[in-house]
Amino acid sequence: MEPTPEQRPHHAYPDHWEADVVLRDGGTACIRPITTDDAERLVSFYEQVSDESKYYRFFAPYPRLSARDVHRFTHHDYVDRVGLAVTIGGDFIATVRFDRIDEQGRPASAPADEAEVAFLVQDAHQGRGVASALLEHIAAVARERGIRRFAAEVLPANNKMIKVFRDAGFTQQRSFEDGAVHLTLDLEPTAESLAVQRAREQRAEARSVQRLLAPGSVVVVGVGRAEGGVGRTVLRNLLGSGFTGRTYAVNTSFAADAATVDGVPAHRSVGEIGRPVDLAVVAVPADRVPDAVADCGEHGVQGVVVLSAGYGERGAEGRERQRELVRQARSYGMRIIGPNAFGIINTSDAVRLNASLAPESPEAGRIGLFTQSGAIGIALLSGLHRRGAGLSSFISAGNRADLSGNDFLQYWFEDQDTDVALLYLESLGNPRKFTRLARRTAAVKPVVVVKGARHSGTNPPGHAVPVSRIPDATVSALMSQAGVIRVDTVTEMIDVGLLLAGQPLPDGPRVAILGNSESLGLLTYDACLAEGLRPRPPRDLTTAAGPQDYRDALAEALADRTCDGVIVNAIPWVGENGEAQTGEGEVLGAALREAAADGPAKPVAVVHVEMGGLAQALAAAAGTAAPSAPRPSGAPVTGPRAAAPDTGGRRDGAPAAPGTAADGDRHTPRTGRIPAYPAAERAVRALAEAVKYAQWRRQAASPGKVPEFLDDTIDAPGAAGLIDALLGAGPDPRGRPLTHDESHELLARYGITVRPALPALDAEAAVAAAGELGYPVALKTTAPHLRHRADLGGVRLDLVDEDALRRAYDELTDLLGTPAELRPVVQAMAPRGVDTVVRASIDAAAGAVLSFGLAGAPSELLGDTAHRLVPVTDRDAAELIRSIKAAPVLFGWRGSAPADTAALEELLLRVSRLVDDHPEVVSVALEPVVVATQGLSVLGASVRLAPPPARSDIGPRRLPSY
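Offset between the sequence shown (1-based) and the numbering used here: plus 1.
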């Protein structure tokens, strides 16, 4: 007789099911399994659910839970009966439960693969996306326990729940039976369900950032009673920016009769304020932060910026304090910027927020700036201010224990006030997600990144995130594949950002150069060639040229159909008395702006040498709103809540392309600012990055694909069975390398043939092997220290007969060692060609990476290797081959016959498919791959298998926990 649910054995509490999630409105909640200790929470939760919601759940009036109900809903075996709860502040706000059933709908155990599922969400939290998040997590739990389908009975009037199931993206069937809607959901993830999940993730995370950057009210916790100090400084900056919302000051040491500080209401706690507060800026010592966060959480604060230091940057104790800070904030549904943050700024006229230590708010502009370092943030703000550039928003996240650059990419993707995203990153907590988000954002607006801590192999102090061992060169290649513009310095980031924010994207690499200095023109010309641009001969306007001459020359260059961009050089004019003329910068700037505004939309950059006022005149764009005047001390500190960003007139609500007007006009700059540079090399580098980015944008509009013909020659099920057999039951987590025969068999399942190499432990064995393979043959060692080292004499080629083979064998063993040491093999000669190497490996953080280069010194000594994230498309494979510096060798360099790159691209696609289809294949190396004029030969191969690493970019939505 089958045991009842209560009689079945209980399994250990599955703590890996616990997750923090961001809800639709940007708040956070915790999802966890329900335990036997949750009886009181469950009863309290149920009491707060409306009678209508109870009726929808139980199909009858059900005012209260009986003791038996409470026992049933809190006792689970975590296999056949599972319950999850969503909590905020420790209290339940929603529950979901499944019970495994058989084909007749009766309670069952495995191998039954269907379960009945039911949800209940507190009415006050309906509409926040709670049920949708719960469905993602309970479906993942069910799949883990071998359940493949959910069955649900829903009353026809329960439209909200029906919509949750309908919109999830799972394959489903629906029928009407006995007065209820019967739904069956296939829990296998689909492309639609993944797209729905990621769209919800984007909206929720963007909203969580928007709540912080556009608060209706702000409290500064830790405002000193005396002048100075961090809290008082932030309060002054907040007031000086003209913040449009309500402002409060909190200090537990304020006197009971303290009314105001700097003209704002003063309180001893957030609870004393008595009105809703959206954002708290915490500037108290680290040991007092938990009390401040609890005060905020208990009184409905939505987000916290923690300026306090003393966390992850202070060692193990600080890291634990940092983890506890994040757990505490999320338990109240709040998100955190920091700790050890510099602050946040939003220049929108509807907000005017400067909740930072920056004494002056930057001007309003079209650039969003994220930095993990306060010092770098100060430098960037100063540099942008000197260049006359404005910002839409600024975030210095410090230790970025919670909100990170990924969250702000989600926000900027749809932010209509931001055309360009600049990020200074010292660590990548989730490289897979960053690459995905960056690719999507870069498709509509540029993303420029400086990556610090490139060569240390460790994260900066305070950044408690997984460390990726992926080489920095690979990181650069992967960013490039995602459309990210990676630069080396913060100065270059400003240079590139200014050009992209103010100028349209170029249609190509053809550059016109004009100016009044022949020498500066030649420097610009040389810099263009070095950056891969196609410059026209510089046009020398001579030192006698005036502003009108520049205007006419620029208008002519812009009108030229053979020109894609213009670089203007300018040095001061010298008067008849030998002194530089004054005021020439302002006049020239006005002339250049007029010409650029009247001509076709092409990027213009100016290189100037000591021309006072020119940079400021060029930056004085009519389309940029003037900064708001600071509010005088004592002025009212209330104002309207900032409205959510509009869609700029787009009917579909999608963000407009960078540098374009919201009405869709192609490449029409929003600001018209012409960037000015003090050196030709800097201007050219910025323009070259814009050219490469524009080319990526055009290609991204029509992405590549995986050719269908590969499917006919790939045996994925056979490879899966072979991998399972090779790994065996209970595989070693470190994995195992495959033997030559095993590697060749697995690769053959994907249409990759490796030329056989027969062992030759003595001369007689070598001759026998050659007789089997056919002459001519190659004799080579496989000893690790000599493998692929023809330069050390470990390879003998073109051995046409037995005598030549025996001589080569004797020479090899006499020169390099005994056969046992050398491990010689004999292999049939392949057609002559170019020796290349193809590799694929899995980085636990970044994912599977496909690499290509020429064999030997180019890749091993010079690092001339290209990389792409798997899976690669036909376009990725073609670009991979052409992106190495030595690529001309494959395309007929110095009159040689071109190699069969089509066959090479196909090989790359096959390797990509292998590691993408089977994550257990953690490493593949094909070396050498000889690419002839027709076809190719894989002469050596090694494969390593291991249990697949955990994926952080798939599965239900969850916030990282470090």
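Backbone N, C-alpha and C define an ideal beta-carbon position, used for all residues, glycine too.
query                                                                                                                                                                      : result
For the alpha helix (DSSP H) that contains R808, what are its first and last residues?                                                                                     : E803 to L817
Any heavy atom of the ligand NAD closer than 7 Å to the beta-carbon of N407?                                                                                               : In the structure on display, the ligand NAD does not appear, and there are no ligands present to speak of.
Counting C-beta neighbours from all protein chains within 10 Å, is the total for V801 16 or more, i.e. buried, or is it exposed?                                           : exposed
Please give the ranges of any alpha helix (DSSP H) in the stretch 189-243, keeping only runs that are unbroken, at least 4 residues long and fully inside the region.      : 192-214 and 231-241
Tell me the DSSP secondary structure of N968 in three-state form.                                                                                                          : Only positions 2 to 963 of the chain appear in this structure, which leaves residue 968 out of reach.
Quick check: the Cα distance between T902 and F710, rounded to an integer number of angstroms?                                                                             : 17 Å
Once the 5 residues before and after Q329 are set aside, which same chain residues still bring their CB inside 8 Å of it?                                                  : P291, V294, A295 and G298
Taking DSSP as the reference, what is the three-state secondary structure of N431?                                                                                         : coil
Between which two residues does the beta strand (DSSP E) harbouring L960 extend?                                                                                           : No beta strand (DSSP E) holds L960; DSSP gives it neither H nor E.
Just to confirm before moving on: does the CB-CB distance between A620 and A390 stay below 8 Å?                                                                            : yes
Please confirm whether Y551 and L593 have their CB atoms less than 8 Å apart.                                                                                              : yes
Nearest by alpha-carbon distance to A422: which of A947, A444 and G130 is it?                                                                                              : A444
Leaving out five residues on either side along the sequence, give the residues of the same chain with a beta carbon under 8 Å from the beta carbon of C564.                : R511, V512, A513, R537, A558 and K603
Please confirm if the stretch 278-288 is in contact with the stretch 205-220, defined as three or more CB-CB distances below 8 Å between the two stretches.                : yes
Which stretch, first to last residue, makes up the alpha helix (DSSP H) that contains N400?                                                                                : Neither: N400 is in no alpha helix (DSSP H) and is coded neither H nor E.
I'd like the ranges of any beta strand (DSSP E) spanning at least 3 consecutive residues and lying wholly in the stretch 743-807.                                          : 758-760, 778-782 and 796-800
Bridge partners for Q828 per DSSP, in chain order?                                                                                                                         : A758 and A779
Check whether the stretch 584-591 and the stretch 471-486 are in contact - that is, three or more C-beta pairs closer than 8 Å.                                            : no
Could you check the C-alpha separation between N160 and A181 for me, to the nearest Å?                                                                                     : 12 Å
At the level of alpha carbons, what is the spacing between R876 and V912?                                                                                                  : 15 Å
Buried or exposed: which applies to F177, given that a residue is buried once 16 or more other Cβ atoms fall within 10 Å of its Cβ?                                        : exposed
Check whether the stretch 492-510 touches the stretch 378-392, taking contact to mean three or more Cβ pairs, one atom from each stretch, closer than 8 Å.                 : yes
In this structure, how does DSSP classify C564 when only helix, strand and coil are distinguished?                                                                         : coil
In angstroms with no decimal places, state the Cα-to-Cα distance between S481 and P757.                                                                                    : 37 Å
Just verifying my parser: in three-state terms, what is the DSSP assignment at A443?                                                                                       : helix
Going residue by residue through the stretch 24-106, where are the continuous beta strand (DSSP E) segments of at least 3 residues, counting only ones entirely within it? : 29-34, 82-89 and 92-102
Using the beta-carbon count (16 or more within 10 Å), is E415 buried or exposed?                                                                                           : buried
Under 8 Å: do the stretch 744-754 and the stretch 911-925 share three or more Cβ pairs, one atom per stretch?                                                              : yes
Would D403 and A717 be called neighbours here (beta carbons separated by less than 8 Å)?                                                                                   : no
Go ahead and label Q198 buried or exposed: buried means 16 or more other beta carbons lie within 10 angstroms of its beta carbon, across all protein chains shown.         : buried
Please state whether DSSP places A662 in a helix, a strand or coil.                                                                                                        : In this predicted model, A662 has a pLDDT of only 37, less than 50, meaning its place in the structure is not dependable enough to derive any value.
Does the distance from the C-beta atom of V850 to that of D844 stay below 8 Å?                                                                                             : yes
Measure how close the beta-carbons of L326 and I337 come, nearest whole angstrom, since I'm counting them as under 8 Å.                                                    : 7 Å
With 16 other CB atoms within 10 Å as the buried threshold, where does S374 fall?                                                                                          : buried
Using DSSP's beta-bridge definition, name the partner residues of G174.                                                                                                    : Rather than Gly, the amino acid found at residue 174 in this sequence is Gln. Paired residue(s): T185.
Can you find at least 3 beta carbon pairs, one from the stretch 93-101 and one from the stretch 65-85, that sit closer than 8 Å?                                           : yes
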